[in-house]
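Worksheet: one structure, shown below.
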Amino acid sequence: MKEFKFKINGVDYTASVEEIENGKANVTVNGQTYQVETEKKVAAPKAAPVAPKAAPAAAPAAAAAAAAAPVAGGAKVVSPLPGSIIKVLVSEGQAVKKGDVLLQLESMKMANDIAAESDGTVKQICVTAGQTVMQDDVLVVLG
Numbered sequence: 009m010k011e012f013k014f015k016i017n018g019v020d021y022t023a024s025v026e027e028i029e030n031g032k033a034n035v036t037v038n039g040q041t042y043q044v045e046t047e048k049k050v051a052a053p054k055a056a057p058v059a060p061k062a063a064p065a066a067a068p069a070a071a072a073a074a075a076a077a078p079v080a081g082g083a084k085v086v087s088p089l090p091g092s093i094i095k096v097l098v099s100e101g102q103a104v105k106k107g108d109v110l111l112q113l114e115s116m117k118m119a120n121d122i123a124a125e126s127d128g129t130v131k132q133i134c135v136t137a138g139q140t141v142m143q144d145d146v147l148v149v150l151g
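Take any residue in the sequence shown, count from 1 to its spot, add 8: that is its number in the working numbering.
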């Protein structure tokens with residue numbers, strides 16, 4: 009199950025997506041569950057994540073870290089949507105708890121908080137502010 013928190017016109021929403029099978033999914037929004045159909049069948053998550061895009065030249069050290077492949081092991085936090093990274097709110101080595109906001113992603117002109125799905129330590133940050141990402145790109149690795 010994936011959980012998303014977002015704000016539309018100042019109203020907070022919490023949505024979780026469960027059981028995506030044969031083009032249908034159970035989606036719960038603020039406690040109300042809906043069965044929705046997707047436009048196309050959703051494939052299972054990729055076994056090997058797509059390498060992150062190169063970061064702008066303005067931050068050479070961050071660009072080198074972002075260009076590195078995600079470290080093996082650990083929980084990978086992936087992008088739920090294509091968009092642009094607004095800001096990274098954590099640093100490598102930082103301890104985080106489930107629900108802590110790791111970064112903000114702008115998609116379809118909305119800012120989306122990307123939160124930790126479990127307690128852990130930030131092992132690797134795979135993106136930088138201003139970077140464009142696609143759905144399922146690895147953003148952060150937690151250990």
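Ideal Cβ positions, reconstructed from N, Cα and C, are used throughout, including at glycine. If you're wondering where the values come from, they're calculated on a predicted model, not measured in any experiment.
| Going by the CB atoms, is the gap between Gln-132 and Asp-121 shorter than 8 Å? | no
| query | Helix, strand or coil: how does DSSP classify Ala-124 here? | reply | coil
| field | For Ala-124 and Lys-95, believed in contact at Cβ under 8 Å, the rounded distance | value | Not quite, the Cβ-Cβ distance comes to about 16 Å (not below 8 Å), so this is no contact.
| field | Residues near Met-118 in its chain [Cβ-Cβ closer than 8 Å; skip 5 each side] | value | Phe-14, Lys-15, Ile-16
| query | From Ser-87 to Thr-136, what distance separates their C-alpha atoms? | reply | 13 Å
| Cα separation between Ser-126 and Gly-107? | 7 Å
| query | What span of residues does the beta strand (DSSP E) with Ser-115 cover, start to end? | reply | 109 to 115
| By how many angstroms is the C-alpha of Gln-102 removed from the C-alpha of Cys-134? | 15 Å
| field | Whether Ala-33 touches Thr-46 by CB criterion (8 Å) | value | yes
| said: Taking the straight line between their C-alpha atoms, what separation do you get for Gly-31 and Val-44? | reply: 8 Å
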